[in-house]
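**Student:**
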Amino acid sequence: MLPPKRFPFPFKLGTDICQISRIYRILAKDKEASFLRRILTKNERLAISASLMSADASGTASEVSKDDDFQALKERNPLLWKKASFLAGRFAAKEATFKAHPTRNLTWHDIAIVRKRFEQLRDIEGLKKVKAQEEEENKEVEEEEEPKEVEGKAEETSSTTTPADEESADNGSGPPVAIVRSRYDDMPDQEVLVSISHDGDYATAVCIGFPRGEGHAHADGQGPEKKKGPRKKHERRVRRIEDTEEDQLSYKEFKAFQEFKAWKARAERKEAKGKKVEEKAAEKEGKDGLAEKTEDVTV
Numbered sequence: 001m002l003p004p005k006r007f008p009f010p011f012k013l014g015t016d017i018c019q020i021s022r023i024y025r026i027l028a029k030d031k032e033a034s035f036l037r038r039i040l041t042k043n044e045r046l047a048i049s050a051s052l053m054s055a056d057a058s059g060t061a062s063e064v065s066k067d068d069d070f071q072a073l074k075e076r077n078p079l080l081w082k083k084a085s086f087l088a089g090r091f092a093a094k095e096a097t098f099k100a101h102p103t104r105n106l107t108w109h110d111i112a113i114v115r116k117r118f119e120q121l122r123d124i125e126g127l128k129k130v131k132a133q134e135e136e137e138n139k140e141v142e143e144e145e146e147p148k149e150v151e152g153k154a155e156e157t158s159s160t161t162t163p164a165d166e167e168s169a170d171n172g173s174g175p176p177v178a179i180v181r182s183r184y185d186d187m188p189d190q191e192v193l194v195s196i197s198h199d200g201d202y203a204t205a206v207c208i209g210f211p212r213g214e215g216h217a218h219a220d221g222q223g224p225e226k227k228k229g230p231r232k233k234h235e236r237r238v239r240r241i242e243d244t245e246e247d248q249l250s251y252k253e254f255k256a257f258q259e260f261k262a263w264k265a266r267a268e269r270k271e272a273k274g275k276k277v278e279e280k281a282a283e284k285e286g287k288d289g290l291a292e293k294t295e296d297v298t299v
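Following UniProt numbering, the numbering of the sequence shown begins with 1 at its first residue and continues without gaps.
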């Protein structure tokens, strides 16, 4: 029986799970500021919705015990639980991104989990302007609508709001993506796919990463080249690798590149040696022919 084929794409898969009640207890112990600074970038902290940031943990620490289950914690301070759910999702997403990029040695601040609307806004002032504009638009909508309708909508929203809804209401409506910071300032950051889910006392996340520089072999749209022997195959691979930054090469590609360079050097030496042998043989034939002609003339 033939062995199975390898997976054809250079994807890396990372996954992680985070317990929400664990994050809840961290927030309840007045460690929120240091925790947020450690796992979130400045732009991420600014993009958190005002309703989540208003969660007050004062007085909650004395009421929390190790024996409390997550339902008791959720009922004790629902808004703080929503905040803990949101942060647990971010924590799991970044951990999954670490695992999907095992060769990068990423830090918490090298990754930003953002919504589509904010992924292109890199400066804090831009975020502030967008948030201020949204608040003004929301106020205008509330003034135009009738009070009864607004109250009914508020009651309905409060009963069905999830951590993802809290986030998307103020931080874009698209799915979350992870922005991985580039190693160099002259290269753009890379967007990678993430998925975050919440269930009970846990938040889970999955990330799909890939080595940068892959997938450019057929960028001209001409499709794969035909096989032209081992030398042509090696040359195509080297051209693709040489077009890629050195830090973006996987270890396997780097070793293959080094092996090809050694093979090419041996082939060039062998070719040069063959040419010298042919030249010597030609010189010898020329001398022998000249000697024969000389003998004929002498006779």
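Built from N, CA and C at the ideal position, the CB exists for glycine as well.
In three-state terms, what does DSSP make of Tyr202?
**Tutor:** Correct three-state label for Tyr202: strand.
**Student:** Starting from Lys31, trace the beta strand (DSSP E) both ways and give me its first and last residue.
**Tutor:** Note, Lys31: premise wrong, no beta strand (DSSP E); not H, not E.
**Student:** Does Gly286 pass the burial test, meaning 16 or more other C-beta atoms within 10 Å, or should it be called exposed?
**Tutor:** Counting Cβ neighbours within 10 Å, Gly286 comes out exposed, since fewer than 16 surround it.
**Student:** Straight-line CA distance for Gly209 to Pro176?
**Tutor:** In a straight line, the C-alpha of Gly209 is about 15 Å away from that of Pro176.
**Student:** On the three-state DSSP scale, how would you describe Ala267?
**Tutor:** In this structure, Ala267 counts as helix in the three-state DSSP scheme.
**Student:** By Cβ distance, which residues of its chain are closer than 7 Å to Gly89, with the 5 residues on each side in sequence left out?
**Tutor:** For Gly89, where only same-chain residues beyond five positions count, the Cβ hits under 7 Å are Pro163, Ile196, His198, Ala203, Ala205.
**Student:** Just to confirm the assignment, what range does the alpha helix (DSSP H) spanning Leu13 have?
**Tutor:** No alpha helix (DSSP H) contains Leu13, which is instead part of the beta strand (DSSP E) from 12-19.
**Student:** Can you tell me which of the three DSSP states Ser85 falls into?
**Tutor:** If DSSP states are grouped into helix, strand and coil, Ser85 belongs with the helices.
**Student:** What does the alpha-carbon distance come out to for the pair Leu27 and Leu80?
**Tutor:** One C-alpha to the other measures close to 8 Å.
**Student:** Which of helix, strand or coil does DSSP assign to Gly23?
**Tutor:** Note on identity: in this sequence residue 23 is Ile, with Gly being the wrong assignment. Correct three-state label for Ile23: helix.
**Student:** Are the beta-carbon atoms of Ala93 and Val194 separated by less than 8 Å?
**Tutor:** Yes, the pair counts as a contact, with Cβ atoms nearer than the cut-off.
**Student:** Can you tell me which of Ala178, Arg115, Asn43, Asp56 puts its alpha carbon nearest to the alpha carbon of Arg25?
**Tutor:** Among Ala178, Arg115, Asn43, Asp56, the Cα nearest to that of Arg25 belongs to Asp56.
**Student:** Helix, strand or coil for Ile48? Go by DSSP, reduced to three states.
**Tutor:** Of the three classes helix, strand and coil, the one that applies to Ile48 here is coil, per DSSP.
**Student:** Have a look at Cys207 and Asn105 and give me their C-alpha separation to the nearest angstrom.
**Tutor:** For Cys207 and Asn105, the distance between alpha carbons rounds to 16 Å.
**Student:** Determine the burial state of Ser85: buried for a count of at least 16 other Cβ atoms within 10 Å of its Cβ, exposed for fewer.
**Tutor:** Buried, because 16 or more other Cβ atoms sit within 10 Å of the Cβ of Ser85.
**Student:** Could you give the residue range of the beta strand (DSSP E) that holds Ala72?
**Tutor:** Run containing Ala72: none in the beta strand (DSSP E); it sits in the alpha helix (DSSP H), 70-76.
**Student:** Would the beta-carbon of Gly14 fall within 8 Å of that of Ala96?
**Tutor:** Yes.
**Student:** In the DSSP assignment, find the unbroken beta strand (DSSP E) run with Ala112 in it and report its ends.
**Tutor:** Residues 111-114.
**Student:** Below 8 Å between beta carbons: does that hold for Arg181 and Asp189?
**Tutor:** Against a cut-off of 8 Å, the Cβ pair of Asp189 and Arg181 comes out as a contact.
**Student:** Quick check on this structure: which residue in Thr103, Ala272, Arg22 has the alpha carbon closest to the alpha carbon of Leu73?
**Tutor:** Of the candidates Thr103, Ala272, Arg22, the one whose C-alpha sits nearest the C-alpha of Leu73 is Arg22.
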